[in-house]
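In mature numbering (1 follows the signal peptide of the UniProt record, and there is no 0), the protein residues as written are -20 to -1, 1 to 1218. Cβ coordinates follow ideal geometry from the N, Cα and C atoms, glycine included. Computed from a predicted structure; not experimentally measured. Below is one structure; the comments refer to it alone.
Encoded structure:
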């Protein structure tokens, strides 16, 4: 029974506003009266009062009459009435704050759309701050609506906001308020008038205002006009006049339709001192303006210009406030929602997304609202615009193997069956919903299938897509079904398939059965006939069916055909047949889908002597297309030869498929079936309608075939399952991709007693994937083993759930003695071992294999133990050389710094180097601190011990640092690969890229941006100096001070990073580099280049180069010189050429850092003191060239190891760092020809 959930009747007047709230659940009416007071000569509402008790009875009578009228008006629109679903969720409260009228009707449109989506909804009047004398688009109205949404008093609001300041709504997301787009295109308050007026401000001139003056007799012509808020006649209270518009002064007449608009115009007149009077005309605005014959000015919200020909748009007055408070600013009508209320109502979200009305449609809705109640106007509007209605459509895509050269499935037959299923199911669904079957050509390829699904996921059709039927080909179906969970779609097979692995198995319906059952049935037959050796030919599509464990036989010769070729080469089958002969295979199974492969294998077997009369048993597929047994032009034998090879072959088929096999091959058969549920008349009638449907398909059809019949029944089963569910809870229409819902649909489909019109009763069983034991549901049907004799299929055995029953005397063989072929399993290469063990050949092979496996295992274990001990010795010696403490077995990781990998969430990549990657993310460092933004530096999986030790040495050094200008180590992950260090996140990245990105800002001279000001640059240098002073205090030397290794935080604090080269100095206050490695020669001091000696003084030299980088905004030191030339120049006593324009004090500081004698250089504390005393010391000097970024053909991490190391990248360095390093060694002096890598 239809139920009216919420109706709002608004009867407005200038004295009293009465709201009738009707709810059939309450069975009563609630009346609210608002008495008025005078405001600026107008009557306005100020608040509610209690109704008089003596009129309550009559008001209830009026309420009952109104309910009857509403039911009468809405009878023809039953699809817009809520379904009465008790599980649909809470009732959503909807309101609208729209200037210009029509708000109540717009609310009802939204309510009806929500109810059509199965979501209970009701309309509410807007807050008092949105009603006259307040403006519906004012700031107070907006704040009131947002407050109601935040506190849950409202759930949906159609609110007018300034288009220029709509971004202010974004912070409301934290308060569970978000927007779902615009209802209408942006519109604004507009003033229209005939010539000569150009701007509303021209009315400040009395002479111009006099052109639009209304005489007293003209004013009387509007006496009987009605305002938009009142049913009473016009009176003088609807005129707003400033005090300077006296009777002796001719003031212009401004006409508007709404009291709220009039008050806005009146305030504008007061602010701009305009000679104008405002008349409120309500719905008769255009009519009255036409009668005045050009002596009028209309100012209203988005007026209909079609009714006011000959007018021009007037320029609005200037806005002295922000856009949000400007009454003439363009505004959006946005859909604001309480996200918490709509979180579990996807149907409501979908319906609100569809709520979109054009400008002309909004004018039409306002006109309808003038002459009828809001809900009636909304019903008429939706009836006139059927595209606005919410029609719930559920789709199923059927993946058809077309076009493809494979002869596996009859594609036109499947297309016709899909179309017929859609036509038959359409009549069983309601007017408000539709079941649609879509066919897509998948070319028997998973790529085309995924392409369709990927395209659907980015379109609106994805919300309506409930399942994927197919693909028919096994390989493509396995790939599609494996991704069913990620796509949120049920996979339905209409051909025999194997279940996918978990968790996809739970979202799979094998409507044609489990293909592995065929192998089980053949295994029972093999055991009965004593066959233990088998030769096979298969495809990737049938790989799962060829299970030797189920067959209980050894596969002695097997070939899997490639699936990437359109045509098979005959040599493939000839070579395979020769292998079968050499292996003495007597039982041959062609486990293929493609009939071309079957014919080619039979013809090749004929040439190799594998004939049935020679004692060869052939096992062939049963459900092939009708053309499978007719010789093609590329087959290597004649039709008579093919018929001879087909004689006596064995095939397996489920019992429901047998009648369709008979129709498919068009031959008399002795096969019988007990499918009592399927009526012969219904099958005949369906076949007739199927042939009619085939007439509309290009390419035509031959016979329906078993797969077309099953596809029809499978689609019917799925449609019935959806119908039963949605009749219980229609809101599930909008949650079709919920895994829990899909699992419940699978359970419902498999537990329902469904009888297919064409293939009989569906019974289901749970089947497991052999890899991970994932459970899927497959149709369970007895299997029939058939034999081909004289072109007729005969039943020779029945198999059901592991039990085989042979039909006595049914098997007929073409051998000379008429007996079953032998499989030559008596020959055994290990017969001696078998005799010793007292078993058969298989037992001997198993024992020999176990002994060999044990021997190999013992040898490998011994070698592994020796290698482990040697690696531990090398590891400990390396730890001691790096100053690291050996990690004892009880303390794996870096003590308190170790955290679990589950506490780190990575969400983006920040950079990549030769030995690992740096990611951005969040980490839960402590339960009471919450999630912290971090940078995660990883060591690639499979790194060498040397790389791991270097990586850990950096972490060991960083854990000792705690300074404002040094990157902090937050945690490490060393228990599992990849090894990670978690550090504080620096928003602006490295200093070099920071300066390069802002180089253009420094070109402004004295007016340079604050980000690149002298104070900012000096502060950056001071931060690095303090960091170096801190390291020197701890007796550490950094060895790689450069702009690329200085990171900038969100507060633009510069911190020193990349401590991979940092070393602890001891009593000599220096560190001597004693092994070959890569070093940044352009930043290194002469003593470091010549002797490999590093000290705090060498860091000061690098700091001087850093100052050069800062003032030149990232220019590469020694620009234009190779590393070899830099090495020679610095060792000869030369330094960088300073750019012109440096301050003398800064030039002196840099040169002091570059003293040849390391003892003459200032300390880091002295440099920091100098920078503190001169906070504007560093200024931009851009008269130097920039280095170019080299473009590699391949990224460095994909290059060979030697070339990757040559293009060494630190995690914070730009690509140009490849020019910054070279190999140095203290053992031998490098030559210019071999010191630098290519």
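Counting along the chain, residue 724 sits inside no beta strand (DSSP E); it lies in the alpha helix (DSSP H) bounded by residues 719 to 731.
Distance check between residue 876 and each of 923, 848, 954 and 888 places 954 closest, using alpha-carbon atoms only. Between residue 881 and residue 903, the CB-CB gap reaches or exceeds 8 Å.
If you draw a straight line from the Cα of residue 180 to the Cα of residue 135, it is about 39 Å long. A residue is called buried once 16 or more other Cβ atoms fall within 10 Å of its Cβ, and residue 846, having fewer, is exposed. In the three-state DSSP reduction, residue 342 falls in the helix class (H, G or I). Beta-bridge partners assigned by DSSP to residue 427: none are found.
Bridge partners of residue 748 according to DSSP: 755.
By the C-beta criterion, the region 423 to 434 is judged not to be in contact with the region 511 to 519, since fewer than 3 inter-stretch pairs fall below 8 Å. One thing to note: residue 450 has its Cβ within 8 Å of the Cβ of residue 378. Taking C-alpha positions only, residue 1025 is separated from residue 946 by approximately 11 Å. Inter-residue distance for residue 415 and residue 324 is about 24 Å (C-alpha atoms, whole angstroms).
Looking at the DSSP output, residue 142 bridges to 311. Taking C-beta separations shorter than 7 Å and ignoring five residues to either side along the sequence, the partners of residue 778 in its chain run 762, 764 and 785, following chain order. Taking a contact to require three or more Cβ pairs closer than 8 Å, the region 242 to 252 and the region 269 to 278 do not qualify as touching. With a threshold of 16 other beta carbon atoms within 10 Å, residue 906 falls short and is exposed.
Counted as a single uninterrupted DSSP element, the alpha helix (DSSP H) harbouring residue 708 occupies residues 685 to 708. By the criterion of a C-beta distance shorter than 6 Å, residue 1084 is surrounded in its chain by 1130, 1133 and 1134, once the five residues flanking it on both sides are discounted.
Assignment of residue 236 by DSSP, reduced to helix, strand and coil, places it in the strand class. Rounded to the nearest angstrom, the Cβ distance from residue 471 to residue 448 is 6 Å, consistent with a contact under 8 Å.
Counted as a single uninterrupted DSSP element, the beta strand (DSSP E) harbouring residue 899 occupies residues 897 to 904. Per the DSSP secondary-structure output, residue 1035 pairs in a beta bridge with 1027. Note that the C-beta distance between residue 794 and residue 593 is below 8 Å. Counting only runs of 4+ residues, the alpha helix (DSSP H) found wholly inside the region 456 to 532 occupies 464 to 467, 496 to 509 and 528 to 531, in chain order. Apart from the 5 residues on each side of it in sequence, residue 109 sits with its Cβ closer than 7 Å to the Cβ of 120, 121 and 124 in its chain, given in chain order.
Distance from the CA of residue 889 to the CA of residue 897, rounded to the nearest whole angstrom, comes to 8 Å. Here the region 77 to 88 makes contact with the region 344 to 364; the two share three or more CB pairs at distances below 8 Å. Residue pairing by DSSP puts residue 259 in a beta bridge opposite 219 and 235. Bounds of the beta strand (DSSP E) holding residue 570 are 567 to 571. When C-alpha distances from residue 781 are compared across 129, 503 and 572, the shortest belongs to 503. Taking 8 Å as the upper bound for CB-CB distance, residue 140 and residue 332 are not in contact here, some 17 Å apart. Annotation for residue 957: 921 place their beta carbon closer than 7 Å to its own, counting only its chain and skipping 5 residues before and after. In the DSSP annotation of this structure, the continuous segment of the alpha helix (DSSP H) that includes residue 624 starts and ends at 619 to 626. With the rule of 3 Cβ pairs closer than 8 Å, the region 572 to 590 does not count as touching the region 530 to 538. For residue 793, the three-state secondary structure derived from DSSP is coil.
Note that the C-beta distance between residue 81 and residue 349 is below 8 Å.
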